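Chemist: Quick mapping for you: the protein sequence lines, in order, are chains A and B. Each residue of the first sequence is one higher than the one before, starting from 5 at the first, in the working numbering. Each residue of the second sequence is one higher than the one before, starting from 7 at the first, in the working numbering. Virtual Cβ for every residue (Gly too), placed ideally from N, Cα, C. Treat the numbers as computed from the prediction; the structure is a model and nothing was measured. So that we are looking at the same thing, I have put the structure below in structure tokens.
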Amino acid sequence: MKKLTSTWAGLLLWVLGLLLVPLFADNNWIFIMSYFAIYAVVSLSQDVVLGRAGMYDMGHAVYFGIGAYTTAILNTQYGVPILWTLPIAVVVSALFGALLSAPIVKLRGDYLLVATIGFNEIFHMALVNDVGGITGGPDGIYGIEAPSLFGHQIMSQGGIFVLNWILLGIVLLLMNNLENSRLGRVFRYLKEDELAATTLGVNARYYKILAFALGAGIAGAAGTLFTSLLQSVSPGAFVFTESVTLFAIVIVGGQASIPGVLLGAVLMFVVPQVFRDLAEYRYFVFGLAMIVIMVLRPQGILPRRRRLE
Amino acid sequence: MNDNSTPLLQLDSVGINFGGLRAVDDLNLSIKKGDVVGLIGPNGAGKTTVFNLITGVYKPTDGVIRWKGEPISGLPPYRIAQRRILRTFQTIRLFSGMSVLENVLAGQHMETHQTWLSGLLSLPKQRREEKALRKSCMEILEQLDLASIAHEEATSLPYGIQRRVEMARTLAAKPELLILDEPAAGLNDSESVELNKTILGIRDQGVTVILVEHDMNVVMNVTDHICVINFGRKIAEGGPEDIRNNPQVIEAYLGSDDDDDEEAA
């Protein structure tokens, strides 16, 4: 029953946000809420790998970036409309997630973490050095179109917001379904005790690669919307420190906890946007907050509710 | 005992080295369908290593393990499990933070047919399957008298009950061969009597059982056949009566201490 009410509360908040933000907020706030929706999706995708399947992926910005660049390249070079690039970005990112994780999923937590940092560094270098002549180098890619729906370009901030908010809603729905499926359970079994799971017939390697592919695919979708929100991409958004921030959101917010991850995304991406004037102090405050939370509340601010069925 | 049928499981000169240590050496073992086989020996004799070899946790350095005549040594554990060879652990390995029911659901992994996509989309067929899975899990829990605690956190239960939950999880995977690693460890007397009944009940359902156990009440009462190993080698094999009177076994297993009359009683 408790689970049901929290689901309804979440749905209510989502609908209220969808209706009220475009009507009542000014453009700056609408932008911030669009930005939040995108980073909430990326954080939820990081949580699939880290919080649910228990793999220390500290290079998740790579998949977000692959989605963003896929959209940017397809749109500027080949004129593919933004929303058409979305499924392609999902597939390309998921493929990279599967390919990059395949050789490393057998590694123990800390070794896997170092390997994923390596991926992030290589990815960033590749973008900056304009590998293949398609990434635009350090300046990135400019002049990306606004998304269009049924032939109408969505130019207004409100329209972009609705689009991003709908993607967030879809991802939240998928995460909710994951809880009640074999896939979600297998992730938890692998996180808790991989040996016990494999002796019950779980192909650990398959499911770990699947976790990476799923997380990467969702991050790729967020990448498409990120590109269309800023109408440009550059390597700076996908550096290693971004991956660290995503990692911290899940740990500080609460692993495998949807409210926890959303709160983490608010703290790390919305609050800094609001308090821009305090730029110099905010990292000090965040750093301190992270230390305090890890010491006093290692399970995260809003940990996964012990929902035993 | 008829020797003309193919053994269910056969270990053929199986051995494994850990660095310089020969943990199991030239072990031959043949297990017939429907038997309850005891694997006994002093601490450090290599019993659990034998289980780890059978279930694919370790790969044998020498020899072959055959399942119904087919070589299975070197396969990963999940492929061994797919042949319905399932095990429990000496140190109970339940999933923490999950209920008894969710733990037993893990045993039904191979019985579950939903794809990952149907789960993400929560399709009607997937939801029906989830319901059916819970129902069959509850049936297994009822058989083992665990239904009343189905929704409690598994790892916070008393030790003896955790052992039964692990057994339920393994049974949910529909074993043909059930491998029990010290199932009576940590159980009190009444619980171990209960365990004997459970093991014999499982055998009566047509499941073959191999167990490692130190509790002689369990070993002598439920096994049809016993294999004794010491320092990784088989030193005796036979029915419970033969083993109980075998001087070599008494010396290796019990040492030279003749005060322990439990076996002779």
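(1) Answer with buried or exposed for I77(A), where buried requires no fewer than 16 other C-beta atoms within 10 angstroms of its C-beta.
(2) Any beta carbon of chain B sitting closer than 8 angstroms to that of V175(A)?
(3) Taking Cβ positions only, does R239(B) come closer than 8 angstroms to chain A?
(4) Report the residues of the stretch 198-211 of chain A with a CB closer than 8 angstroms to any CB of chain B, ordered along the chain.
(5) Could you check the C-alpha separation between A242(B) and L183(B) for me, to the nearest Å?
(6) What residues in the stretch 88-121 of chain B have a beta carbon less than 8 angstroms from any beta carbon of chain A?
(7) Strictly by DSSP, which residues pair up with L282(A)?
(8) Of all Cβ atoms in chain A, is any one closer than 8 angstroms to the Cβ of E136(B)?
(9) Between S36(B) and E197(B), what straight-line distance do the alpha-carbon atoms span, to the nearest angstrom?
(10) Quick one: is V179(B) near chain A, going by C-beta distance under 8 angstroms?
(11) I'd like to know whether the C-beta of L187(A) is nearer than 8 angstroms to at least one C-beta of chain B.
(12) From the DSSP output, in three-state form, read off L127(B) for me.
(13) Taking the Cβ atom as the reference point for each residue, do I34(A) and G162(A) lie within a distance shorter than 8 angstroms?
(14) Quick one: measure Cβ to Cβ for R189(A) and L111(B), integer angstroms, because I've assumed they're closer than 8 angstroms.
(15) Using 8 angstroms as the limit for Cβ to Cβ distance, is R192(A) near chain B?
(16) Assign N207(A) to one of three DSSP states: helix, strand, or coil.
(17) Applying the criterion that 16 or more other CB atoms from any shown protein chain within 10 Å of the CB defines a buried residue, is L110(A) buried or exposed?
(18) To the nearest angstrom, how far is the alpha carbon of V43(B) from that of G166(B)?
(19) Give the C-beta separation of S185(A) and L126(B) to the nearest angstrom, bearing in mind that I take them to be a contact with Cβ-Cβ under 8 angstroms.
(20) I need the boundaries of the alpha helix (DSSP H) containing N32(A), first residue and last residue.
(21) Skipping 5 residues on each side, what residues in its chain have a beta carbon closer than 7 angstroms to that of D88(B)?
(22) Pull up the DSSP beta-bridge partners for N23(B), would you.
(23) Can you have a look at V66(A) and say buried or exposed, based on whether 16 or more other CB atoms are within 10 angstroms of its CB?
(24) Taking C-alpha atoms, which residue in R140(B), D18(B), G113(B) lies nearest to W73(B)?
(25) Quick one: does Q168(B) have its CB under 8 angstroms from some CB of chain A?
(26) Is the separation between the beta-carbon of Q114(B) and that of L152(B) shorter than 8 angstroms?
Modeler: Per the coordinate set shown:
(1) Counted from its first residue, the first sequence places residue 77(A) at position 73. Buried: at least 16 other Cβ atoms inside 10 Å.
(2) On the first sequence, position 171 is the one that residue 175(A) refers to. It does not: the Cβ of V175(A) has no partner Cβ on chain B nearer than 8 angstroms.
(3) Stepping through the second sequence from its first residue, residue 239(B) is reached at position 233. No, no contact with chain A.
(4) L199, A200, A201, T202, T203, L204, G205, V206, N207, A208
(5) One-based indexing of the second sequence puts residue 242(B) at position 236. One-based indexing of the second sequence puts residue 183(B) at position 177. One C-alpha to the other measures close to 22 angstroms.
(6) Q88, L92, R93, F95, R99, L100, F101, S102, G103, M104, S105, L107, E108, L111, A112, G113, H115, M116, T118, Q120
(7) Start at 1 with the first residue of the first sequence, and residue 282(A) comes out as number 278. Paired residue(s): none; L282(A) is not in a bridge.
(8) Counting from 1 along the second sequence, the entry for residue 136(B) is found at position 130. Yes, because at least one Cβ of chain A sits closer than 8 angstroms to the Cβ of E136(B).
(9) On the second sequence, position 30 is the one that residue 36(B) refers to. On the second sequence, position 191 is the one that residue 197(B) refers to. Each residue's alpha carbon lies about 30 angstroms from the other.
(10) Taking the first residue of the second sequence as position 1, residue 179(B) is located at position 173. The displayed chain sequence assigns Ala, not Val, to residue 179(B). At least one CB atom of chain A sits nearer than 8 angstroms to the CB of A179(B).
(11) Taking the first residue of the first sequence as 1, we reach residue 187(A) at position 183. True, the Cβ-Cβ gap to chain B drops below 8 angstroms.
(12) Here residue 127(B) refers to the residue found at position 121 of the second sequence. Secondary structure of L127(B) (DSSP, three-state): helix.
(13) On the first sequence, position 30 is the one that residue 34(A) refers to. On the first sequence, position 158 is the one that residue 162(A) refers to. Taking 8 angstroms as the Cβ cut-off, I34(A) and G162(A) qualify as a contacting pair.
(14) One-based indexing of the first sequence puts residue 189(A) at position 185. One-based indexing of the second sequence puts residue 111(B) at position 105. Contact flag correct, Cβ pair sits at about 6 angstroms.
(15) In the first sequence, the residue the question calls residue 192(A) occupies position 188. Yes, R192(A) lies at the interface with chain B (some Cβ there is under 8 angstroms from its Cβ).
(16) Walking along the first sequence from the start, residue 207(A) turns up at place 203. It is coil, neither helix nor strand.
(17) Mapped onto the first sequence, residue 110(A) falls at position 106. Residue 110(A) is actually Lys in this sequence, not Leu. The residue is exposed, with fewer than 16 neighbouring Cβ atoms inside 10 Å.
(18) Along the second sequence, read from residue 1 onward, the residue named residue 43(B) stands at position 37. Along the second sequence, read from residue 1 onward, the residue named residue 166(B) stands at position 160. Computed Cα separation, rounded: 22 angstroms.
(19) Working through the first sequence from its first residue, we reach residue 185(A) at position 181. Working through the second sequence from its first residue, we reach residue 126(B) at position 120. Indeed they touch by this definition, with Cβ atoms about 7 angstroms apart.
(20) On the first sequence, position 28 is the one that residue 32(A) refers to. Boundaries of the alpha helix (DSSP H) around N32(A): 31-51.
(21) Counting from one through the second sequence, the residue named residue 88(B) turns up at place 82. Sequence inspection shows Gln at residue 88(B); the Asp mentioned does not correspond to that position. Answer for Q88(B): M116, listed in chain order.
(22) Position 17 of the second sequence, counting from 1, holds the residue named residue 23(B). DSSP lists R28(B) as partners of N23(B).
(23) In the first sequence, residue 66(A) corresponds to position 62, counting from 1. The residue is buried, with at least 16 neighbouring Cβ atoms inside 10 Å.
(24) On the second sequence, residue 73(B) is found 67 positions in, with the first residue counted as 1. Comparing Cα positions, the closest option is D18(B).
(25) Taking the first residue of the second sequence as position 1, residue 168(B) is located at position 162. No - not a single Cβ of chain A is within 8 angstroms of the one on Q168(B).
(26) Residue mapping note: residue 114(B) aligns to position 108 of the second sequence, counting from 1. Residue mapping note: residue 152(B) aligns to position 146 of the second sequence, counting from 1. No, these two residues do not count as a Cβ contact at 8 angstroms.
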